[in-house]
Each structure stands twice: as C-alpha cells, then as structure tokens.
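**Student:** Attaching a single structure in structure tokens format; questions to follow.
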Amino acid sequence: MGKKWSDLNESEEVMRHLKWGILGTGRIAAKFARGLNSTDRATLLAVGSRREETAREFAEEHGVPRAYARYEDLLADPEVEAVYISLPNHLHGEWSIKCAEAGKHILCEKPAMVNADELERVLAMVKARDAFWMEAFMYRCHPQWRKVKEIISAGRIGEVRVLHSAFSFNMGPAYQDFRLQNHLAGGGLMDVGVYCVSFSRLIAGEEPSECRAAAHIGEKSGVDEYMAGALRFPSGVIASFISGLECTVPSGAAVYGSEGSITVESPWQPGDEAALVVSNGESTERITVKTPMDPYAQEALHVAEHLEARQGPAMTWDDSLGQARAVDALRASMGLAWDFEREGRR
Ligand SMILES: NC(=O)c1ccc[n+]([C@@H]2O[C@H](COP(=O)([O-])OP(=O)(O)OC[C@H]3O[C@@H](n4cnc5c(N)ncnc54)[C@H](OP(=O)(O)O)[C@@H]3O)[C@@H](O)[C@H]2O)c1
C-alpha cells in the first residue's frame with residue numbers, strides 16, 4: 140500500500156504555502172473552506188460554481204477573493220495552484236483530468252472515481268502531467284489512527300482477528316440528491332460505506348481476497364439504500380460493515396483481537412479531540428487524541444507537505460486503486476452496476 144502509514148503527519152522539511160481553488164459550493168466545500176481559513180499556512184484564493192450567484196454567495200460567506208461562474212474559469216486562473224474537487228461522484232474523473240491538464244495539483248473528494256478502470260485512466264493522466272493527486276479521506280489525516288496502530292503494534296489486544304464498522308444516516312426520500320441516483324454513481328456504499336472499506340484495508344494492511352455484500356437496492360433510486368458487507372484478508376483478518384442512506388445504525392469502528400479490543404468512537408468525522416476505548420481482560424482505558432488544528436486544514440497541509448512526492452501517505456495512489464477494486468467487487472457482489480457501465484460508456 141505504498142509509503143508506510145507511520146509516515147503520516149510527519150512534516151517534511153519544506154512545505155509549500157499553496158493557493159487553493161475549490162470546485163463546487165456544496166456541504167463539504169464549506170467545511171473545507173472553513174478549514175483552509177483556519178490556517179495561515181495555506182490560502183483559499185478562488186471558488187468555482189456552475190452559477191454566478193452561488194459562486195458569489197460562497198465567496199462572500201467564506202471570504203474568498205475570486206468567484207468564478209464556470210469551473211473552467213477557475214482552472215484558467217494561473218495563480219490557483221491546487222484544486223479541491225468537491226463535486227458529486229460522477230464528476231470526479233472528468234474534473235481530475237481537466238485539473239491535471241490545466242497544470243493544477245488535485246485533492247479529490249472520495250470516492251475517487253466511479254470505478255477502478257476510471258481511476259487507472261485518471262492516474263495515468265495525472266502522472267503524465269506530473270500533478271499531485273490524492274483521494275480526500277479526511278479521516279485518515281487524524282492522528283487517532285496512528286494511536287490505533289501503536290496500540291496494535293504494542294500487542295495490547297493480541298492478534299487482530301475481526302474488524303467491524305458502520306456508517307449510515309437516513310436522508311429520507313431526497314431523490315433529487317446525487318446520492319439517490321444511479322446515473323450519478325450514488326448509493327450508500329459510495330457515500331459512506333467506502334469509509335468502512337477504507338478503515339478495514341488500513342487496519343488489515345493489505346488488500347482483501349474476498350468481498351461480499353448484501354444490499355437493498357431501491358426501486359426508484361437504483362442504488363444501495365442500505366447494505367452489509369464482508370471482507371476476508373489473506374492474513375485471516377475478517378471485516379464486516381453496515382452502511383446506508385436510509386437507516387440509522389450508530390456509526391463506529393472497532394478492532395477485535397485475540398486478547399482485547401479497540402473501539403474508535405468518532406472514526407469518520409473526528410473533531411479536534413477523538414476518543415478510543417482499549418479493553419484488555421479486566422482493564423478498560425479511554426484514550427483521547429487531540430489534533431493540533433482543524434482536520435480539513437490538516438488534510439490541506441498534508442497535500443502541501445507531500446507535494447513533491449505527488450501523492451500523500453494518508454491515501455497513496457495504490458491505496459486508492461486497492462480501495463476502488465474492493466468497492467467494485469462489493470458492487471458486483473450486491474448486483475449494482477451503474478447505468479453507464481451497463482451501456483458500456485465508462
Ligand atoms: N457532505 C459531506 O460531509 C462529505 C464528506 C466527505 C466527502 N464528501 C464527498 O464530496 C462530494 C460532494 O458532496 P457534498 O455533500 O458536498 O454534495 P453537495 O452538497 O450536493 O454539493 C455538491 C456540489 O457539486 C456541484 N455540482 C455539480 N454538478 C452537480 C450535480 N449534477 N448535482 C449536484 N451538484 C452538482 C454543486 O456546486 P455548484 O452548484 O456550485 O456548481 C454542488 O453544490 C461527494 O463526492 C461526496 O462523496 C462529502
């Protein structure tokens with residue numbers, strides 16, 4: 140899985156102060172903007188929207204100096220060095236390629252692409268253009284995962300045997316949202332289940348040899364509205380998870396070993412402070428892990444720290460490829476193909 144995970148959060152000697160542009164003005168774009176504005180080690184220079192009004196409103200709310208009414212116009216700004224792609228899933232590939240062609244470095248929201256084939260094509264282009272590219276799994280930049288790894292390496296829970304995680308929420312009949320639309324590569328696995336897959340692969344430290352899933356695929360949405368997945372890893376580790384857009388399973392992640400367990404209370408959207416509960420025999424310890432800054436600022440600085448390597452250890456290109464292949468296998472197991480895949484278009 141590329142560079143060692145333990146390299147995460149270690150600053151390299153020279154860190155570029157990057158000027159950022161954001162494509163899209165939705166929910167996660169606002170969080171990333173607040174993160175960038177909380178640090179003086181990066182600048183939020185521009186925002187691009189499909190409409191002038193939304194670009195202007197976002198710029199006013201977040202103090203962004205330049206507002207563009209077309210994504211292309213942001214890419215044509217020579218002072219924008221790095222672009223954060225916060226668009227719906229089906230647009231990640233197209234805009235990663237356009238960013239690379241425009242000479243920009245790229246932080247692209249998860250899931251990286253609609254499938255592994257598309258990711259391979261995009262990474263070939265990114266490499267040819269010598270651009271930085273990383274799939275934005277912000278949760279991976281939080282130092283609590285380094286602590287989890289340390290606890291495992293110290294043998295405090297014995298040999299890792301089983302992983303379990305969940306991420307779900309109930310969005311109701313919001314069929315206008317891209318999450319509930321097949322042709323926009325929506326669904327619970329792509330939206331929240333990918334975190335569980337990513338966590339399982341991170342802790343197992345290898346790619347799954349078997350991926351199975353059972354899902355409820357909505358008649359109207361044509362996507363998995365709730366699902367359960369199971370992964371088997373070559374080392375013998377087994378992972379199970381539940382994800383969904385129409386159910387309310389409490390979010391969490393746990394690592395079960397031969398001698399004890401680690402429960403991660405806020406695995407996916409950790410705040411400045413996150414907590415782990417380590418149980419071993421009769422003792423239980425609650426450990427809090429603090430971040431030095433806003434987690435989205437930390438993610439942006441991770442890009443700057445590793446710019447010269449063109450990929451970040453929080454989520455390397457190989458890691459994203461392994462992730463996309465596992466997600467493809469889970470979709471195949473649950474019988475979910477995208478309309479455009481069935482038509483042989485992507
Ligand atoms: N929300 C979260 O907490 C979160 C967390 C992690 C990752 N993500 C990922 O970030 C991406 C965006 O999620 P989001 O929650 O921010 O979505 P969102 O609130 O719906 O925003 C998406 C933005 O993309 C632009 N857009 C372009 N074409 C669109 C289309 N056909 N339909 C809808 N919007 C379109 C819109 O901006 P303009 O109108 O300005 O062009 C819109 O505001 C997704 O890939 C998601 O998986 C989200």
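Every position in the sequence shown, counted from 1, becomes a number in my numbering once 139 is added. Here a beta-carbon is modelled for each residue, glycine too, at the ideal position from N, C-alpha and C. Being a predicted model, the structure only gives us computed values, none of them experimental.
Between the Cα of G165 and those of S177, A181 and A194, spot the shortest distance and give me the residue it belongs to.
**Tutor:** Walking along the sequence shown from the start, residue 165 turns up at place 26. Of the residues S177, A181 and A194, the one whose Cα lies closest to the Cα of G165 is A194.
**Student:** Quick one, which of G399, G242, S379 and P347 has its alpha-carbon nearest L213's?
**Tutor:** Translated into the one-based positions of the sequence shown, residue 213 becomes position 74. When only C-alpha atoms are compared, the closest one is G242.
**Student:** By a C-beta neighbour count over all protein chains shown, 10 Å radius and 16 as the cutoff for buried, is K143 buried or exposed?
**Tutor:** Reading the sequence shown from its first residue, position 4 is the one you call residue 143. Because the pLDDT at K143 is just 42, under 50, the model does not fix this residue reliably, and the point stays unresolved.
**Student:** Along the chain, where does the beta strand (DSSP E) that runs through T423 open and close?
**Tutor:** What you label residue 423 is simply residue 284 of the sequence shown in a count that begins at 1. Annotation: the continuous beta strand (DSSP E) that includes T423 extends over S422 to K429.
**Student:** What's the call for Y435, buried or exposed, on a 16-neighbour Cβ count within 10 Å?
**Tutor:** For the purposes of this step, residue 435 is identified with residue 296 of the sequence shown, where counting begins at 1. Under this definition Y435 is a buried residue.
**Student:** What residue range does the beta strand (DSSP E) around A369 cover?
**Tutor:** What you label residue 369 is simply residue 230 of the sequence shown in a count that begins at 1. D363 to R371 is the extent of the beta strand (DSSP E) around A369.
**Student:** With a threshold of 8 Å on Cβ separation, who are the neighbours of Y314 within its own chain once the five nearest residues in sequence on each side are excluded?
**Tutor:** In the sequence shown, residue 314 corresponds to position 175, counting from 1. Q320, K359 and S360, listed in sequence order.
**Student:** Three Cβ pairs or more, each shorter than 8 Å: is that satisfied between the region 401 to 411 and the region 386 to 393?
**Tutor:** yes
**Student:** R300 by DSSP, collapsed to three states: which one?
**Tutor:** Taking the sequence shown and counting its residues from 1, one reaches residue 300 at position 161. It is a strand residue.
**Student:** Just verifying my parser: in three-state terms, what is the DSSP assignment at E248?
**Tutor:** If you number the sequence shown from 1, residue 248 lands on position 109. Residue state, collapsed to three classes: strand.
**Student:** In the structure shown, what three-state DSSP assignment does S235 receive?
**Tutor:** Walking along the sequence shown from the start, residue 235 turns up at place 96. The answer is helix: DSSP assigns S235 an H, G or I state.
**Student:** Quick one, which of Q283, K288 and I161 has its alpha-carbon nearest H201's?
**Tutor:** Taking the sequence shown and counting its residues from 1, one reaches residue 201 at position 62. Minimum Cα distance to H201 is reached at I161.
**Student:** Quick check on DSSP: helix, strand or coil for C386?
**Tutor:** In the sequence shown, residue 386 corresponds to position 247, counting from 1. In this structure, C386 counts as coil in the three-state DSSP scheme.
**Student:** Work out the CA separation of G420 and I224 for me, nearest whole Å.
**Tutor:** Mapped onto the sequence shown, residue 224 falls at position 85. Mapped onto the sequence shown, residue 420 falls at position 281. Near 46 Å, if we compare the C-alpha coordinates of G420 and I224.
**Student:** Check whether the region 254 to 273 and the region 294 to 310 are in contact - that is, three or more C-beta pairs closer than 8 Å.
**Tutor:** No contact exists between the region 254 to 273 and the region 294 to 310.
**Student:** According to DSSP, what are the bridge partners of N309?
**Tutor:** The count along the sequence shown starts at 1 and reaches residue 309 at position 170. Note: N309 sits in a beta bridge opposite E385.
**Student:** Rounded to the nearest angstrom, what separates W477 and D363 at their Cα positions?
**Tutor:** The residue labelled residue 477 in the question sits at position 338 within the sequence shown. The residue labelled residue 363 in the question sits at position 224 within the sequence shown. Cα to Cα, W477 sits roughly 11 Å from D363.
**Student:** Which residue comes first and which comes last in the beta strand (DSSP E) that contains V186?
**Tutor:** Residue numbering aside, residue 186 sits at position 47 when the sequence shown is read from its first letter. It spans A181 to G187 - the beta strand (DSSP E) in which V186 sits, taken as one unbroken run.
**Student:** Taking the continuous alpha helix (DSSP H) assigned at H441, which residues delimit it?
**Tutor:** Within the sequence shown, the letter at position 302 stands for residue 441. H441 -> alpha helix (DSSP H) spans P434 to E444.
**Student:** Would A221 and W284 be called neighbours here (beta carbons separated by less than 8 Å)?
**Tutor:** Counting from 1 along the sequence shown, the entry for residue 221 is found at position 82. Counting from 1 along the sequence shown, the entry for residue 284 is found at position 145. Contact: no.
**Student:** Measuring straight from C-alpha to C-alpha, what distance separates I356 and Y365?
**Tutor:** By 1-based counting over the sequence shown, the position of residue 356 is 217. By 1-based counting over the sequence shown, the position of residue 365 is 226. In a straight line, the C-alpha of I356 is about 8 Å away from that of Y365.
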